[in-house]
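Residue numbers (the working numbering): 785 to 1245.
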């Protein structure tokens, strides 16, 4: 073996060891196991049937099959294959009754347990975990490993299922097939451009099968089956529709060729959008008015005003002041009081903090702080807007009261009141729905850096 090859093998081995050492049961970090489990949704058996039906459009029978997020192993109960290997980190998941004799499930992470180019088919329903719910350490370890395997580093804004898609491409053979039940939005979002270009450069075909009736009605994503056939060499993309009876028909690919989407743009230093503050668990840090009163916590000393949603707010509302805050949040029982990190804690606040069970505050955000509940106070945005919306555009409010925006309530920051007013008008009059790929039917989500692109375009005009 040459010196260069020895170095390369050493680097890959070191990365693999790092991946395993920094993991729980082989998967990332402890807190990511919690996120991953929370992001799993069991696939209805009839949908499992449809996914296998699609898989067999490409091959009559498969040799070795991998399911990187196996759950109870239900994908092993269908289809024609020689062997099935499932990976599942949740020790509490119970295997399907009657698991085939040629199927097995490892209680481990597929990222550290699977072998590159070993499987003929990667199938399943990987977990849906948003990028801001994935810790930096886990993301870095997995991204480094993927880069070593394929020479491309995934975007840090990738959802967990995108990492699983990369994994599927790595562990399947050169003529293998990937068949995953994942949201179709990945094929149009700018953040996944590298992945799409990688697939195209390889010449693999990409087929997207959309469900006429969403298989997961409670989940705000567009249900679809992604198929990547590595045996092909055309690099073509095709779209199909799965009707209510499970029948499949082709769609015109021209309709999907040039979807106009807002790009992802790095924020300007003077005027920018930013995601809502993540305190470390809203059930602990954000209280309703009745909870605040119960624990005798005082505004300005123990708690400060905040909002976690704009869902119930009228589209015609333009600003959030004391009166509208009291009416729409305090008096409506919404979570609107954020535990304050400033000053000396009162006896009431100390009693409340001591009453919080360890298991509830045992998360990555709280553990990384010297004092689990003391955070750096976030800046107050000039405008408040919702990342998700229905209809033409999202809701936007002038933040006259100066509340902290938490979670999915994002903020736009500027010291110039005239600029803030101009942006509020621009957002209200915009047709954002046409420029963003819908997450599900009727529901659209604008990412922070897409809003930064909109901000820069609006100010240029």
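Note that beta-carbon positions come from the ideal geometry of N, C-alpha and C, so glycine has one too.
The distance from the Cβ of residue 1167 to that of residue 1101 is about 13 Å, inconsistent with a contact at the 8 Å cut-off. Boundaries of the beta strand (DSSP E) harbouring residue 957: 956-965, taken from the DSSP string. Relative to residue 896, the option among 1229, 954, 1081, 974 whose CA is nearest is 954. In the DSSP assignment, the residues bridged to residue 1182 are 1103, 1167.
In the structure shown, residue 893 adopts coil according to DSSP, grouped into three states. For residue 1078, no beta strand (DSSP E) segment is defined; the enclosing uninterrupted segment is the alpha helix (DSSP H) at 1073-1078. For residue 989, the uninterrupted beta strand (DSSP E) run begins and ends at 989-995, by DSSP. DSSP lists 1173, 1222 as the bridge partner or partners of residue 1228. For residue 1076, the closest of 1099, 1107, 1132, 1188 by C-alpha to C-alpha distance is 1132.
Residue state for residue 888 is assigned as strand, using DSSP reduced to three classes.
The C-beta separation of residue 866 from residue 848 comes to about 7 Å, placing the pair in contact by the 8 Å criterion. A Cβ-Cβ contact shorter than 8 Å links residue 957 with residue 901. In the DSSP assignment, residue 1194 forms a beta bridge with 1169.
Going by DSSP, residue 1049 is part of no alpha helix (DSSP H) at all; its letter is neither H nor E. Spatial neighbours of residue 833 in its own chain (CB-CB distance under 7 Å, excluding positions within 5 residues in sequence) are listed in chain order as 862.
Closest by C-alpha distance to residue 851, out of 1234, 1231, 961, is 961.
Take the alpha-carbon of residue 1086 and the one of residue 1129: they are about 7 Å apart. Here residue 933 has 900, 954 as same chain residues with Cβ atoms under 7 Å from its own Cβ, once five neighbours each way along the sequence are excluded.
Its Cα nearest to that of residue 1031, the residue 835 stands out among 826, 835, 1231, 1021.
Taking the Cα positions, residue 1204 is about 8 Å away from residue 1196. DSSP places residue 1058 within a strand segment (E or B) once states are collapsed to three.
Taking one beta carbon from each stretch, the stretch 1087-1094 and the stretch 1217-1232 have fewer than 3 pairs nearer than 8 Å; the two do not touch.
The Cβ atoms of residue 1198 and residue 1066 lie no closer than 8 Å to each other.
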